[in-house]
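Structure record follows, encoded as structure tokens.
2 protein chains.
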Amino acid sequence: MNSTIYDVSRLSGVSIATVSRAFSNPERVREHTRQKVFEAAEVLHYSPNAIARAMARQRTDKIAFLICKEGATILDEFYARICNGIMGESNRTDLELVISTAADWDLTASNAKNKQVDGAILGGNARPELVSELQSRGLAVVLVNNRMPGFDIPCVVSDEYGGVRQVLEYLMSRGHRRIAMLAGRFSPYILNERYRAFLEIAKSHGLPADTRAIKLCDPTVESAAEACRELLSRPDRPTAIFGTNDILAAGAMKAARRLGLRVPEDVAVTGIDDTTVCGMLEPELTSLRIDGYRMGELSAARLQALLAGETDIPQLTVVPTELRVRGSA
Amino acid sequence: MNSTIYDVSRLSGVSIATVSRAFSNPERVREHTRQKVFEAAEVLHYSPNAIARAMARQRTDKIAFLICKEGATILDEFYARICNGIMGESNRTDLELVISTAADWDLTASNAKNKQVDGAILGGNARPELVSELQSRGLAVVLVNNRMPGFDIPCVVSDEYGGVRQVLEYLMSRGHRRIAMLAGRFSPYILNERYRAFLEIAKSHGLPADTRAIKLCDPTVESAAEACRELLSRPDRPTAIFGTNDILAAGAMKAARRLGLRVPEDVAVTGIDDTTVCGMLEPELTSLRIDGYRMGELSAARLQALLAGETDIPQLTVVPTELRVRGSA
DNA sequence: CCCCATTTTGTAAAGGCTTTCAGAATCCGA
DNA sequence: TCGGATTCTGAAAGCCTTTACAAAATGGGG
Chain A
186 MNSTIYDVSR
196 LSGVSIATVS
206 RAFSNPERVR
216 EHTRQKVFEA
226 AEVLHYSPNA
236 IARAMARQRT
246 DKIAFLICKE
256 GATILDEFYA
266 RICNGIMGES
276 NRTDLELVIS
286 TAADWDLTAS
296 NAKNKQVDGA
306 ILGGNARPEL
316 VSELQSRGLA
326 VVLVNNRMPG
336 FDIPCVVSDE
346 YGGVRQVLEY
356 LMSRGHRRIA
366 MLAGRFSPYI
376 LNERYRAFLE
386 IAKSHGLPAD
396 TRAIKLCDPT
406 VESAAEACRE
416 LLSRPDRPTA
426 IFGTNDILAA
436 GAMKAARRLG
446 LRVPEDVAVT
456 GIDDTTVCGM
466 LEPELTSLRI
476 DGYRMGELSA
486 ARLQALLAGE
496 TDIPQLTVVP
506 TELRVRGSA
Chain B
186 MNSTIYDVSR
196 LSGVSIATVS
206 RAFSNPERVR
216 EHTRQKVFEA
226 AEVLHYSPNA
236 IARAMARQRT
246 DKIAFLICKE
256 GATILDEFYA
266 RICNGIMGES
276 NRTDLELVIS
286 TAADWDLTAS
296 NAKNKQVDGA
306 ILGGNARPEL
316 VSELQSRGLA
326 VVLVNNRMPG
336 FDIPCVVSDE
346 YGGVRQVLEY
356 LMSRGHRRIA
366 MLAGRFSPYI
376 LNERYRAFLE
386 IAKSHGLPAD
396 TRAIKLCDPT
406 VESAAEACRE
416 LLSRPDRPTA
426 IFGTNDILAA
436 GAMKAARRLG
446 LRVPEDVAVT
456 GIDDTTVCGM
466 LEPELTSLRI
476 DGYRMGELSA
486 ARLQALLAGE
496 TDIPQLTVVP
506 TELRVRGSA
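Taken in sequence, the protein lines are chains A and B. Counting from 186, one number per residue, gives the positions in the first sequence under my numbering. Counting from 186, one number per residue, gives the positions in the second sequence under my numbering.
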């Protein structure tokens, strides 16, 4: 069906070894010969068979993006952005990408083995055992939106601490002093970073921010609305609610409206992620942009570097955030 | 590193051919022998090498999902759902999935050739030439959320006509007579289906629905809000706005609010897709659920059937819709 | 014009599995 | 117990590249 290296060899009058080199190590074949080879290839519509190549090279040029997150997947806009970034970068470096959920890989070890990939990017709350398992199998591994102390592994994260500061300083600049954080139970890493940052920064600015100022809730609109109702019913009602993502912030806005409070006049609301929903809410939601696309790109680049055997790969890459001010705060 | 079929052969005392059969055609090897093989495999942590298998079989068990849509990708929640469905199904049937945008495949034919896949699912507005190209290359092709008359190809779509009817009949049951459709410039197929359905159904129910009742806009919140402003400023203002997706509906709600109109009292609003944003809007958005996940599953199943050489594969599969009534209408 | 150092090219052996074909083992009825 | 029909198993030929290793060609300097 498709022509092979032999066909090209025959037509161009050189050996298959030379054809092979013309394609994968052009500089190792003389200009004139290379020309002939490419012409023949052109005529025959030849292009190297990736499978055979993988077979011979013992390398697939294929990587996996594993989303380690209960329930959610690519449906989470933030992860979809990361995914997009990975796709962009891997496309650029000619790596093939397979996307999967960690669950799929955990279930059947055999399955995991079958998907022959050279490396994997683990997004979110990856289990350390999974990392060990993969590394011990000789795979290159990179973490995105997570860190794993004690592991020798490149991580790509956003500047959670700085981001929280941006939000808080903005709110303070608008005169807010009673600021509450509505924290979703996300992956431990993210939850912890934002929680800690909030307390530290609030404290350092002399805000009355003990742990009572932080309210945990499940990562759904309803749970957030419910939790926020409680917050807004306190005698010393907060003047600003800082949702740790846009969904929670939307829940906060709902709660406010149900209580007859106006946003942002009576209570300001901010989110994190800057998802598309921000522009659909009324008022539009002020949100901290986390550059998921860039995080994806960078993690793919790190993995690529790992595969290329580069040394001195940064163990930690931090992507800056940016506050997008809109009507809600 | 990894053990091979030879290791298993040696340890179990049978030939590699038998080991191979034990794994891919278990019924063709005697119970007793099979047992021995599996035990040895267990001990050696052997599992067949997918690359080598693909090489020998001349088949990759790998399929591609191509999103044919300018700009948007997996970031579009609806497509993410389709994608999820495809992932679920292909996981079930042990097919590997690569996700890509049509743009990536168009750019370099060579590239497309390199990704050796057995088949492809084209989502959205695929170019007929791309289909011909792929089919002529011997790939199995399936269309999802699109149809292509004149092509011999299975298509999986949602019941656009029925869905539009559900929405209109619901609105009419609530007493609405002046209903306007806010139609986004999506893929020609979808736009046309919804447009036509609206006109036919409205007409058949004696609604004053000429083409003036349909307003086209770009698929963004702002464009929708702008278009809707015009609709709502007419002397015979519509009492209901039927957005052809949730983003447009959100835009309609914005426009209404800007004009001081209450939703749903002064103007009812409905959307399509039932995306997560519905629950975040205030009031919550009544929307027509299109089962993207199911569409994905079914298209993967069709592709699988095609690959399995099955005959009598339905050329058209229609997935039913369901109206989710919430506060906005 | 020869010789040695360099490039360039070719030969042949993997790489791990599937599958055809033929021979070996097994089963069944008589 | 024997013959023939079945079912199992094994040897070997691919599948398409890459890559030592070795041979051939090329280029310069003397």
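Glycine included, C-beta positions come from ideal geometry on N, C-alpha and C. Remember, it's a predicted structure, so these values are computed and weren't measured experimentally.
Under 8 Å, Cβ to Cβ, is there at least one residue of chain B near residue i?
i: A:ARG442; result: yes
i: A:CYS413; result: no
i: A:ALA435; result: yes
i: A:ASN330; result: no
i: A:ALA265; result: yes
i: A:SER295; result: Caution is warranted here: a pLDDT of 44 is assigned to A:SER295, below 50, making its placement in the model unreliable, and no coordinate value can be reported.
i: A:ASP344; result: no
i: A:CYS183; result: Shown here, chain A extends from 186 to 514; a query on residue 183 of chain A therefore has no answer.
i: A:ASP476; result: no
i: A:ALA325; result: no
i: A:ALA237; result: yes
i: A:GLU482; result: no
i: A:LEU282; result: yes
i: A:ASP289; result: yes
i: A:VAL352; result: no
i: A:VAL462; result: yes
i: A:VAL406; result: yes
i: A:THR258; result: yes
Classify residue i as helix, strand or coil using the three-state DSSP reduction.
i: A:GLU507; result: strand
i: B:ILE267; result: helix
i: A:GLY180; result: Because chain A here runs from 186 to 514, residue 180 of chain A falls outside it and cannot be looked at.
i: B:SER285; result: strand
i: A:LEU416; result: helix
i: B:ILE399; result: strand
i: B:MET272; result: helix
i: A:LEU488; result: helix
i: B:ARG322; result: coil
i: B:PHE371; result: coil
i: B:ARG474; result: strand
i: A:GLY599; result: Outside the shown range of chain A (186 to 514) lies residue 599 of chain A, about which nothing can therefore be said.
i: B:SER343; result: strand
i: A:ILE338; result: coil
i: B:ALA493; result: coil
i: B:ILE457; result: strand
i: A:GLY481; result: helix
i: A:LEU433; result: helix
i: B:VAL222; result: helix
i: A:SER188; result: coil
i: A:LEU384; result: helix
i: A:LEU328; result: strand
i: B:VAL199; result: coil
How close, in whole Å, do the beta carbons of residue i and residue j come, if the pair is a contact with beta carbons under 8 Å?
i: A:ASN331; j: A:SER372; result: 7 Å
i: B:ALA398; j: B:ILE364; result: 7 Å
i: A:VAL341; j: A:ARG487; result: 6 Å
i: B:ALA237; j: B:LEU356; result: Actually they do not touch by this definition, with Cβ atoms about 59 Å apart.
i: B:GLY369; j: B:ASP403; result: 7 Å
i: A:THR471; j: A:ALA440; result: Their Cβ separation, rounded to whole angstroms, is 17 Å, which puts A:THR471 and A:ALA440 out of contact at 8 Å.
For residue i, list the residues DSSP reports as bridge partners.
i: A:ARG244; result: Bridge partners of A:ARG244: none, in fact.
i: B:GLY512; result: According to DSSP, B:GLY512 bridges with nothing at all.
i: A:VAL352; result: BP columns for A:VAL352 are empty, so no partner.
i: A:MET366; result: A:ILE399 and A:PHE427
i: B:ILE252; result: B:THR286 and B:GLY308
i: A:THR502; result: A:VAL341
Say whether chain A places a C-beta atom closer than 8 Å to the C-beta of residue i.
i: B:ARG210; result: The identity of residue 210 of chain B in the sequence shown is Asn, whereas the question assumes Arg. B:ASN210 does not count as touching chain A.
i: B:THR189; result: no
i: B:ASN276; result: yes
i: B:LEU446; result: no
Comparing the CB of residue i with every heavy atom of the ligand GDP, is any distance shorter than 7 Å?
i: A:SER188; result: The ligand GDP is not part of the structure shown, which contains no ligands of any sort.
Worksheet item: Is it true that the segment 208-222 of chain B meets the segment 497-505 of chain A, where meeting means three or more beta-carbon pairs spaced less than 8 Å apart?
Response: Verdict: no, contact absent.
Item to complete: Examine the Cβ distances between the segment 272-285 of chain A and the segment 448-463 of chain A and report whether three or more of them are shorter than 8 Å.
Response: Taking 8 Å as the limit for Cβ pairs, the verdict is that the segment 448-463 of chain A does not touch the segment 272-285 of chain A.
Item to complete: State whether the segment 302-318 of chain B contacts the segment 431-442 of chain B, with contact taken as three or more CB pairs (one from each stretch) at a distance under 8 Å.
Response: Result no; under three Cβ-Cβ pairs closer than 8 Å.
Discussion item. With three or more beta-carbon pairs closer than 8 Å as the criterion, would you say the segment 379-390 of chain A touches the segment 437-451 of chain A?
Written reply: Too few Cβ pairs lie closer than 8 Å, so no.
Discussion item. Could you check whether the segment 226-233 of chain A touches the segment 407-425 of chain A, counting it as contact only if at least three pairs of C-beta atoms, one from each stretch, sit closer than 8 Å?
Written reply: Taking 8 Å as the limit for Cβ pairs, the verdict is that the segment 407-425 of chain A does not touch the segment 226-233 of chain A.
Discussion item. Within 8 Å, do at least three Cβ pairs link the segment 472-484 of chain A to the segment 187-205 of chain B?
Written reply: They do not touch, by the three-pair rule.
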